[in-house]
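Residue numbers are given in my numbering: position 163 of the sequence shown equals residue 167, and the series is strictly consecutive.
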Amino acid sequence: MNSLVHKEKKGLKILIYPFLILAIMVMLSSIVKAEEETAAEETTEATTEEEVKAASGKYTIVVQDNYGTYVYPTDCDTVEELFAEQGIVLGDLDILKCSLDDELKQGLVINIKRAEDVSFLIDGEEVYTIYMNVNTLGEALSKLKEEKGVNYVLGEGLSSSQAYNSVDLIPVVSAYTKVETKIIDCYFETETVENPDLEEGVTNVLCEGSAGSSEVVIRVNYENGSAVSTEILSENVIVAPVNRVVEIGTKQPEPEPELEAVQAVSSYGTVVGQLVMNSSAYSIDYACTGKTPGMAGYGITASGIRACYGVVAVDPRVIPLGTRLYVEGYGYCIAADTGGAIKGNKIDLCFNSYSEAVNYGRKNVTVYILA
Numbered sequence: 005m006n007s008l009v010h011k012e013k014k015g016l017k018i019l020i021y022p023f024l025i026l027a028i029m030v031m032l033s034s035i036v037k038a039e040e041e042t043a044a045e046e047t048t049e050a051t052t053e054e055e056v057k058a059a060s061g062k063y064t065i066v067v068q069d070n071y072g073t074y075v076y077p078t079d080c081d082t083v084e085e086l087f088a089e090q091g092i093v094l095g096d097l098d099i100l101k102c103s104l105d106d107e108l109k110q111g112l113v114i115n116i117k118r119a120e121d122v123s124f125l126i127d128g129e130e131v132y133t134i135y136m137n138v139n140t141l142g143e144a145l146s147k148l149k150e151e152k153g154v155n156y157v158l159g160e161g162l163s164s165s166q167a168y169n170s171v172d173l174i175p176v177v178s179a180y181t182k183v184e185t186k187i188i189d190c191y192f193e194t195e196t197v198e199n200p201d202l203e204e205g206v207t208n209v210l211c212e213g214s215a216g217s218s219e220v221v222i223r224v225n226y227e228n229g230s231a232v233s234t235e236i237l238s239e240n241v242i243v244a245p246v247n248r249v250v251e252i253g254t255k256q257p258e259p260e261p262e263l264e265a266v267q268a269v270s271s272y273g274t275v276v277g278q279l280v281m282n283s284s285a286y287s288i289d290y291a292c293t294g295k296t297p298g299m300a301g302y303g304i305t306a307s308g309i310r311a312c313y314g315v316v317a318v319d320p321r322v323i324p325l326g327t328r329l330y331v332e333g334y335g336y337c338i339a340a341d342t343g344g345a346i347k348g349n350k351i352d353l354c355f356n357s358y359s360e361a362v363n364y365g366r367k368n369v370t371v372y373i374l375a
């Protein structure tokens, strides 16, 4: 009985083993398949990331030049590689604000200053263009001088520190210097001598004086063909001038109304009015006029007569030119000149020398208008 049971159990085990082995194989197959599917999914995700990275590039680089701003996604490692990839070319005069060997990094901004055509208007006539790479009008002007071999200056109102592209067409004028020798008149000075026997304000010429002559070497600066300034380099006197000598009365008149005193001098006309004016003094010397003998308009008044003692400058709106006057402390005179600073109740009295004008100074005087 026991033997039979044992045999039956043994036969049952033999039948079960194949099924167990099959189940284990199926289970192992499922595990392997699941691992393969997971690996495939991971591979797909990695591939997608690489494709995205390849499409956008490792870096986003900005390139700026005179004409605009450009954004480039790239996998390049250096500036030189990026330029080769994007076809960015540097001209001979273009300036790269970094090195071609510089390594790229995210957000890098590369600046290029491109050379451009810069145009000049020369002497208001010729348009001249130079391809250059500069920053200021001063640098552009230097390039023009170098290329043309001519000295130029910027047009009025322009500064060498301005940006070169602040004007579309840069106006310049040719500038040059000439040294000239001239024979000019040497005008005499006027010496004054006080005379206590003459009434104050009365003058008497003791010596008329005479002009001399000098050989003068002058440097003249020209711009656009016109003289703009002169400088005396040397002066050699040929004939010395003889000074004019004038005695001036210092005697105080007897107290009486000034108006009656002037009216009494009938040879000069009748007093028709009087003004209290602020007076100043000038002479035809360079210190007062900014002109030297030989220059256009030297010593000539607004009315065309020569400036000398007895000629005064007025505001024609107050005293018409040509009006005869008597000025307290100065004497008889004629309104024949004007001045930029002589406006309103002002009068400028001409003296024969700069020293006399300085000594006179500035004061309020009574001016009598004569008919």
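Note that the Cβ used here is the ideal one computed from N, Cα and C, for glycine as well.
Listed as beta-bridge partners of Ser178 by DSSP are Tyr156.
In this structure, the beta-carbon distance from Asn225 to Thr181 falls below 7 Å. Beta-bridge annotation (DSSP): Lys186 is paired with Val220. Close CB contacts of Ile236 within its chain, under the 7 Å cut and outside five residues either way in sequence, are with Val220, Ile222 and Thr296 (chain order). Here Gly298 is not near Lys117, since their CB atoms are 7 Å or more apart. Taking C-beta atoms as the reference points, Leu353 and Val322 fail to come closer than 7 Å. The residue from Pro324, Leu210 and Thr327 with its alpha-carbon nearest to that of Val249 is Leu210. Per the C-alpha coordinates, the member of Leu97, Glu332, Glu89 and Ile346 positioned closest to Pro320 is Ile346. The continuous beta strand (DSSP E) containing Glu130 extends over residues Glu130 to Met136. For Lys350, the beta-bridge partners assigned by DSSP are Asn282. Thr64: member of the beta strand (DSSP E) spanning Tyr63 to Asp69, first to last residue. Partner residues in the beta bridge of Leu374, as assigned by DSSP, are Val275 and Arg328.
Tyr76 carries a strand assignment under DSSP once its states are collapsed to helix, strand and coil. DSSP places Glu89 in the uninterrupted alpha helix (DSSP H) bounded by Val83 to Gln90. In the pairwise beta carbon analysis, the segment 124-136 is classified as not touching the segment 98-113: fewer than three pairs are separated by under 8 Å. Setting aside the 5 residues that flank it on each side, Ile288 is surrounded in the same chain by Gly303 and Ala311, each with a C-beta closer than 6 Å to its C-beta; the list follows chain order. By the neighbour-count definition (other C-beta atoms within 10 Å, threshold 16), Cys80 is a buried residue. With contacts defined as CB atoms closer than 7 Å, Gly205 and Gly333 qualify as a contacting pair. Glu360 sits buried, since 16 or more C-beta atoms from the chains shown fall within 10 Å of its C-beta. Thr327 counts as buried, since at least 16 other C-beta atoms from the protein chains shown sit within 10 angstroms of its C-beta.
One thing to note: Val369 has its Cβ no nearer than 7 Å to the Cβ of Val318.
Looking at the DSSP output, Asn225 sits in a beta bridge with Thr181 and Ser233. Within its own chain, the residues whose Cβ lies closer than 6 Å to the Cβ of Val67, once the five positions on either side in sequence are excluded, are Tyr74 and Ile114, listed in chain order. With contacts defined as CB atoms closer than 7 Å, Tyr156 and Ser170 fail to qualify as a contacting pair.
Residue pairing for Ile116: DSSP places it in a beta bridge opposite Leu100.
In terms of Cβ geometry, Ser214 and Val246 form a close pair [threshold 7 Å]. The alpha-carbon of Pro175 is positioned some 49 Å away from that of Lys62.
With a threshold of 16 other beta carbon atoms within 10 Å, Cys337 meets it and is buried. Rounded to the nearest whole angstrom, the CA to CA distance from Ala119 to Tyr76 is 23 Å.
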